[in-house]
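S.K.: Convert by adding 366 to the 1-based position in the sequence shown; the result is the number in the working numbering. C-beta: ideal position from N, C-alpha, C; glycine also. Please read all numbers here as calculations on a predicted model, not as lab measurements.
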Amino acid sequence: MLTGRQTLGYWLMVLPLVVLVAAFYGWPLVNILRLSVTDPSPGLGNYAALFSDPALAKLIWTTLRICAITTVLSVMGGYLLAYVMTHASADRRNWMLMLVMMSFWISVLVRAFAWLMLLGRNGLLNSVLVRAGIVAEPLELVRNELGVLIGMVHYMIPYATLPLLANMQGIDPRLASASRSLGAGPLYGFVRIFLPLTVPGIVAASLLVFIVSLGFYVTPAILGGGKVLMIAEYVSVQVLITLQWGTASMLATLLLIGVFALLFVLSRFMKVSQAFGARA
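1. Please list the segments of the alpha helix (DSSP H) lying wholly inside the stretch 531-588, counting only runs of 4 or more residues, in order along the chain.
2. Enumerate in chain order the residues of its own chain whose CB-to-CB distance from Y413 is below 7 Å, with the five nearest sequence positions on each side excluded.
3. Ends of the alpha helix (DSSP H) at V466?
4. Per DSSP, what kind of secondary structure is T373 in: helix, strand or coil?
5. Starting from the C-beta of T437, find all residues in its chain whose C-beta is less than 7 Å away, skip the five residues before and the five after it, and write them out in chain order.
6. What's the C-alpha gap between I432 and G591?
7. Measure the Cβ-Cβ separation of P650 and F582 and say whether it is below 8 Å.
8. Just how far apart, CA to CA, sit L563 and V501?
9. Given a threshold of 16 other Cβ atoms within 10 Å of its Cβ, counted over all protein chains shown, does T373 qualify as buried or as exposed?
10. Count the other CB atoms within 10 Å of the CB of A644; is the residue buried (16 or more) or exposed (fewer)?
11. Relative to the C-alpha of P539, which candidate in G551, L530, I559 has its C-alpha closest?
12. Which of helix, strand or coil does DSSP assign to I607?
13. Quick check on K424: does DSSP put it in helix, strand or coil?
14. Just verifying my parser: in three-state terms, what is the DSSP assignment at G409?
15. Out of N397, H520, L381, point me to the one whose CA is closest to V474's CA.
16. Give the single residue among R546, A550, L561 whose Cα lies nearest to the Cα of L531.
17. Applying the 10 Å Cβ sphere with the 16-neighbour rule, what's the burial state of S402?
18. Just verifying my parser: in three-state terms, what is the DSSP assignment at I472?
19. How many angstroms separate the CA atom of G499 from the CA atom of L507?
20. Can you name, in chain order, every residue of its own chain whose Cβ lies under 6 Å from the Cβ of M483, other than the five neighbours on each side?
21. Under a Cβ-count criterion, where at least 16 other Cβ atoms within 10 Å of its own Cβ denotes burial, should A478 be classed as buried or exposed?
22. Going by other Cβ atoms of all chains shown within 10 Å of its Cβ, with 16 needed for buried, is Y554 buried or exposed?
23. May I have the straight-line CA-CA distance separating L463 from L528, to the nearest angstrom?
24. Taking C-beta to C-beta, are G517 and T585 nearer than 8 Å?
25. Counting pairs of Cβ atoms below 8 Å between the stretch 588-603 and the stretch 378-393, do you hit three or more?
26. Quick one: is P552 buried, meaning 16 or more other Cβ sit within 10 Å of its Cβ, or exposed?
27. To the nearest angstrom, how far is the alpha carbon of W427 from that of A415?
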């Protein structure tokens, strides 16, 4: 049990950090919330535009659809990669983990331009397909939703892999041996034993990928070519070009509320800290 003096001492130790967070994080958020209901005029006009402006409704639907597809594809790819890493030898797993971690060191801007050079009309892939006679005309693989999805899934697979890998490594490998000794085949044992035990990892990976995808800006801007508009890019346009700070603040507030709502839903089913690899 901590005494009152010890508790006070701990609070005094973290007080400077609390002040810094409040000053450099909390206060800007308060300003964003304030602008969303005061600019250009006091009231809920910016939020009412969500129901009266078809462009905003389409923007939100496009963002949610792309994020949902990105989440599904990224988690599927991350699950396969984490499964292989879990059952690989220690040396191979370390090499694979190093390659996954290296992807975090590559700028998202570099990745987007690399995909643009690879998938563009005059890019490597289209050049090979045309010269091989497989297609008569170059395929439209970028400056559309397909290009955005390719770039986002490529970026998000490592984010899905790490929570799944942490979850899978916590599963007792003797369970698979026990299921085989009782007559279960590999597929049956995977579906009935291994897959249910990885549900917390799937939920954590899906949540992480979806939340990060909501704020994507560079990849949709480059690979979408201005034809695929998501919330983050639209907020940038409102702030830097049209100077409609109220609309931008309203959309930023919606993103913030959406993230907290997702975390709240997750907390109803499991501990958020454990979902992301923490241990009791």
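M.R.: In this structure, then:
1. Entirely contained in the stretch 531-588, the alpha helix (DSSP H) runs reaching 4 residues are, in chain order, 540-547, 552-555, 565-580.
2. If the five residues before and after Y413 are omitted, its C-beta is found closer than 7 Å to the C-beta atoms of M616, all from its own chain and listed in chain order.
3. Segment 456-468, the alpha helix (DSSP H) holding V466.
4. In the structure shown, T373 adopts helical secondary structure according to DSSP, grouped into three states.
5. Closer than 7 Å at Cβ, skipping near neighbours: S572, V575, F576, S579.
6. Whole-angstrom Cα-Cα distance: 15 Å.
7. Given that the chain is displayed from residue 367 to residue 646, the structure contains no residue 650 and the question cannot be resolved.
8. Going by C-alpha positions, L563 is about 45 Å away from V501.
9. Classification for T373: exposed.
10. Its pLDDT being 49, under 50, A644 is placed unreliably in this model, and the value from its coordinates should be taken loosely. Exposed: under 16 other Cβ atoms inside 10 Å.
11. Comparing Cα-Cα distances from P539 to each of G551, L530, I559, the minimum goes to I559.
12. Residue state, collapsed to three classes: coil.
13. In the three-state reduction of the DSSP assignment, K424 falls in the helix class, which pools H, G and I.
14. Secondary structure of G409 (DSSP, three-state): coil.
15. With distances taken between Cα atoms, V474 lies closest to H520.
16. Comparing Cα-Cα distances from L531 to each of R546, A550, L561, the minimum goes to L561.
17. In the assembly as shown, S402 is a buried residue. Its beta-carbon has 16 or more other beta-carbons within 10 Å.
18. Three-state DSSP puts I472 in coil, outside helix and strand.
19. Answer to the nearest angstrom: the Cα atoms are 18 Å apart.
20. Correct list, in chain order: G489.
21. Residue environment: A478 is assigned as buried (16 or more neighbouring CB atoms within 10 Å of its CB, all protein chains considered).
22. When all chains shown are included, Y554 counts as exposed.
23. For L463 and L528, the gap between their C-alpha atoms comes out near 9 Å.
24. Taking 8 Å as the Cβ cut-off, G517 and T585 qualify as a contacting pair.
25. No contact exists between the stretch 588-603 and the stretch 378-393.
26. Its Cβ having fewer than 16 others within 10 Å, P552 is exposed.
27. If you take the alpha carbons of W427 and A415, they lie about 15 Å apart.
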